[in-house]
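*Asks:* Protein chains in written order, with my numbering: chain H, 4 to 315; chain B, 15 to 286.
By construction, the Cβ of each residue, glycine as well, lies at the ideal position given by its N, Cα and C atoms.
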């Protein structure tokens with residue numbers, strides 16, 4: 004990827020981020036909920052009509068939507084993402100505190116997922132259309148169809164309630180509280196990913212060079228791990244980058260189940276209390292993370308695949 | 015008869031799907047007249063027994079009845095989503111592909127924007143902000159999912175856009191709406207039907223996920239995601255409250271996923 008392409012991609016990221024945040028802004032503006040009333044309701048005060056209007060004026064909620072959006076945007080550029088309505092703290096501080104737990108959870112589940120999906124997909128591909136393949140295919144099929152919040156609760160029922168091995172509430176942030184959320188997230192993902200690994204490897208195994216290597220008497224394991232696997236990395240890494248999207252959405256659900264202190268949990272509570280600046284910040288941050296990771300994936304191609312480097 | 019013999023798998027799964035739909039339609043018969051919303055507090059949190067085969071929830075409502083009635087909510091919402099994105103995606107995609115130019119640019123830029131963003135995160139935000147209701151959850155999921163269909167439809171239209179029969183139609187004076195509905199749409203529909211069929215399960219999971227987070231169906235409505243959420247608080251003393259709704263989602267999603275795969279095999283024999 005050369006400088007020009009990179010610039011183009013970065014520009015695209017900026018445009019998408021602008022579009023997404025504006026859309027969110029517009030929806031919060033048009034939505035029926037009122038943040039001021041919700042705020043007062045949270046403190047238990049029944050406000051008079053004047054007080055509501057006054058607060059609205061103070062918070063700048065009475066200005067035209069474009070002015071509000073523009074204000075927010077210039078704030079963001081200065082690193083000021085606004086102040087949360089419900090926590091009365093800067094949005095960036097709130098998000099930053101929750102960022103690491105969510106990243107930790109995502110990384111952990113991705114590692115788990117790879118540890119399961121790669122060997123299984125590989126075994127399926129090398130034993131294509133054998134009983135093993137069919138059995139594993141059946142299992143992955145059921146895995147895809149399981150709602151992850153149900154999986155999470157079943158795991159919780161078994162390991163936390165029945166066996167009492169792990170805590171029911173995973174808000175500690177230690178390793179023990181990371182296990183079940185990560186396993187839950189990895190479960191559905193690995194089912195999906197196994198299929199992709201299988202397809203990629205099967206595709207690669209049908210290449211001529213594999214026959215050539217076999218004819219020369221290269222051991223099968225060597226062909227598989229030294230030739231086929233590296234060559235099928237490209238589609239697999241792409242899929243990994245894209246699956247980050249569903250992972251980030253999935254963390255919200257899983258974090259709520261296990262009361263895990265991550266971004267998703269924060270976002271859910273922000274949405275239920277009409278905490279607009281926090282919702283905005285969350286949407287912007289997540290979209291930027293997602294897009295930058297996928298950009299990094301595209302850049303990494305040239306390292307994984309030398310052919311891309313030469314072509315430019 | 016020939017068709018059934020040839021496509022045994024498809025017919026089996028279609029039958030199962032039909033049974034599920036019939037079960038939802040005839041829910042009152044299936045539950046023997048037990049209402050899903052009748053709270054009998056002194057029966058609260060009862061374990062599965064002969065009287066309540068799936069137990070009761072915190073308000074003493076029959077979990078079995080709620081699961082059966084929940085199928086109505088889930089199925090209608092899912093079919094609504096699929097119908098909306100199917101219609102929206104195919105129309106916008108066909109327009110973008112056929113007219114090109116600025117129509118294409120606008121539609122596809124919006125679609126690009128949606129693709130380069132984690133959809134579920136956005137759906138959660140939209141559904142939450144609009145307020146919790148099944149309708150809003152449907153809107154949210156549809157809003158983030160239509161782009162896939164638009165892209166597909168567009169690419170299919172582009173393939174045939176410059177074929178001779180289209181030029182012939184234009185030259186012989188066919189009106190544009192006629193060309194769009196008689197030549198473009200029929201070429202697009204089969205592929206989109208396959209995609210829609212394989213997507214039903216996924217959409218159902220997303221909608222249930224939104225309800226689970228509290229951004230979908232509201233309290234007394236029997237809805238599986240919502241029931242799971244309610245069951246979460248009673249996981250240690252009434253695990254049946256979360257077990258059966260989850261099982262229902264799982265079974266229905268499996269059946270529709272299998273049906274989608276089988277339909278693809280029927281309509282698109284080239285695919286392995």
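Across the region 253-273 of chain B and the region 139-149 of chain H, are there enough close Cβ pairs to call them in contact, namely three or more that are closer than 8 Å?
*Replies:* The region 253-273 of chain B is in contact with the region 139-149 of chain H.
*Asks:* Look at the Cβ atom of residue 186 of chain H, then the Cβ atom of residue 247 of chain H, and state whether they are nearer than 8 Å.
*Replies:* Contact flag unset, no.
*Asks:* Along the chain, where does the alpha helix (DSSP H) that runs through residue 53 of chain B open and close?
*Replies:* No alpha helix (DSSP H) contains residue 53 of chain B, which DSSP labels as neither H nor E.
*Asks:* Based on DSSP bridge pairs, tell me the residues matched to residue 93 of chain H.
*Replies:* In the DSSP output, where bridge partners are listed per residue, residue 93 of chain H has H/86.
*Asks:* For residue 293 of chain H and residue 108 of chain H, I'd like the C-alpha separation in whole angstroms.
*Replies:* Near 15 Å, if we compare the C-alpha coordinates of residue 108 of chain H and residue 293 of chain H.
*Asks:* Give the single residue among B/82, B/87, B/57 and B/141 whose Cα lies nearest to the Cα of residue 70 of chain B.
*Replies:* The option with the nearest alpha carbon to residue 70 of chain B is B/57.
*Asks:* Taking 8 Å as the threshold (C-beta atoms), are residue 228 of chain B and residue 163 of chain B in contact?
*Replies:* No.
*Asks:* Determine the closest residue to residue 223 of chain B out of H/42, H/255 and H/46, with distance taken between C-alpha atoms.
*Replies:* Among H/42, H/255 and H/46, the Cα nearest to that of residue 223 of chain B belongs to H/255.
*Asks:* Which residues share a DSSP beta bridge with residue 105 of chain H?
*Replies:* Bridge partners of residue 105 of chain H: none, in fact.
*Asks:* Could you tell me the alpha carbon to alpha carbon distance between residue 48 of chain B and residue 76 of chain B, rounded to whole angstroms?
*Replies:* For residue 48 of chain B and residue 76 of chain B, the distance between alpha carbons rounds to 8 Å.
*Asks:* Any idea if residue 46 of chain B is buried or exposed, counting beta-carbon neighbours within 10 angstroms, 16 or more meaning buried?
*Replies:* Answer is exposed; the Cβ neighbour count stays below 16.
*Asks:* Quick check: the Cα distance between residue 151 of chain B and residue 244 of chain B, rounded to an integer number of angstroms?
*Replies:* One C-alpha to the other measures close to 18 Å.
*Asks:* May I ask whether a heavy atom of the ligand NAP can be found less than 7 Å away from the beta carbon of residue 190 of chain B?
*Replies:* Among the components modelled here there is no ligand, and therefore nothing to report on the ligand NAP.
*Asks:* CA-CA distance, residue 241 of chain B and residue 229 of chain H?
*Replies:* When rounded, the distance between both Cα atoms is 50 Å.
*Asks:* Give the C-beta separation of residue 281 of chain B and residue 204 of chain B to the nearest angstrom, bearing in mind that I take them to be a contact with Cβ-Cβ under 8 Å.
*Replies:* About 6 Å; that satisfies the 8 Å criterion.
*Asks:* Alpha carbon to alpha carbon, how far is residue 262 of chain B from residue 35 of chain B? Give it in angstroms, no decimals.
*Replies:* In a straight line, the C-alpha of residue 35 of chain B is about 13 Å away from that of residue 262 of chain B.
*Asks:* Applying the criterion that 16 or more other CB atoms from any shown protein chain within 10 Å of the CB defines a buried residue, is residue 67 of chain H buried or exposed?
*Replies:* Exposed, because fewer than 16 other Cβ atoms sit within 10 Å of the Cβ of residue 67 of chain H.
*Asks:* Rounded to whole angstroms, what is the Cα-Cα separation between residue 297 of chain H and residue 86 of chain B?
*Replies:* Looking at the two C-alpha atoms, the distance is approximately 39 Å.
*Asks:* Measure the CB-CB distance between residue 249 of chain B and residue 55 of chain H and report whether it falls below 8 Å.
*Replies:* No.
*Asks:* Check whether the Cβ of residue 285 of chain B lies closer than 8 Å to any Cβ atom in chain H.
*Replies:* With a pLDDT of 49 at residue 285 of chain B, under the threshold of 50, the predicted position of this residue should be treated as unreliable, and no value is reported.
*Asks:* Please name the residue, chosen from H/305, H/227, H/231 and H/23, that lies closest to residue 132 of chain B on a Cα-to-Cα basis.
*Replies:* Nearest C-alpha to residue 132 of chain B: H/23.
*Asks:* Can you list, in chain order, the residues of the region 134-145 of chain B whose Cβ is nearer than 9 Å to any Cβ on chain H?
*Replies:* Within the region 134-145 of chain B, the residues whose Cβ lies closer than 9 Å to some Cβ of chain H are 134, 135, 136, 137, 138, 139, 140, 141, 142, 143, 144 and 145, listed in chain order.
*Asks:* For a cutoff of 8 Å on Cβ pairs, would you count residue 263 of chain B as touching chain H?
*Replies:* Chain H, which has a Cβ nearer than 8 Å to the Cβ of residue 263 of chain B, makes this yes.
*Asks:* Starting from residue 79 of chain H, trace the alpha helix (DSSP H) in both directions and tell me its first and last residue.
*Replies:* It spans 68-80 - the alpha helix (DSSP H) in which residue 79 of chain H sits, taken as one unbroken run.
*Asks:* Under the DSSP definition of a beta bridge, which residues are partnered with residue 76 of chain B?
*Replies:* Looking at the DSSP assignment, residue 76 of chain B forms a beta bridge with B/70.
*Asks:* Should residue 168 of chain H be flagged as near chain D, meaning a C-beta pair shorter than 8 Å?
*Replies:* Going by chain labels, chain D is absent from the structure shown, which instead holds the protein chains H and B.
*Asks:* Can you pull the chain H neighbours of residue 226 of chain B, defined as C-beta to C-beta under 7 Å?
*Replies:* Here the neighbours are 152 and 256.
*Asks:* Shorter than 8 Å from the beta carbon of residue 21 of chain B to some beta carbon of chain H?
*Replies:* It does not; no Cβ of chain H falls within 8 Å.
*Asks:* Mind reading off the beta-carbon distance from residue 27 of chain H to residue 39 of chain H? Whole number of angstroms is fine, and I expect it under 8 Å.
*Replies:* Their Cβ separation, rounded to whole angstroms, is 19 Å, which puts residue 27 of chain H and residue 39 of chain H out of contact at 8 Å.
*Asks:* Once you ignore the five residues that flank residue 25 of chain B on each side, which residues in its own chain have a CB closer than 6 Å to its CB?
*Replies:* Around residue 25 of chain B: 18.
*Asks:* Kindly indicate which three-state DSSP category residue 15 of chain H falls into: helix, strand or coil?
*Replies:* Helix at residue 15 of chain H.
*Asks:* Report the start-end ranges of each beta strand (DSSP E) in the region 140-214 of chain H that is 3 residues or longer and not cut off at the edges.
*Replies:* If we require 3 residues or more, the region 140-214 of chain H turns out to have no beta strand (DSSP E) run fully inside it.
*Asks:* Return helix, strand or coil for residue 315 of chain H, following the three-state DSSP convention.
*Replies:* Residue placement at residue 315 of chain H cannot be trusted, given a pLDDT of 44 that sits under 50; the coordinates are not used to answer.
*Asks:* Leaving out five residues before and five after residue 136 of chain H in sequence, what residues of the same chain have Cβ atoms less than 7 Å from its Cβ?
*Replies:* Within the same chain, residue 136 of chain H has close Cβ partners 127 and 130.
*Asks:* Which residues, in chain order, does the region 8-36 of chain H contribute to contact with chain B at a C-beta distance below 7 Å?
*Replies:* Hits within the stretch, in order: 19, 22, 23, 27, 30, 31, 34, 35 and 36.
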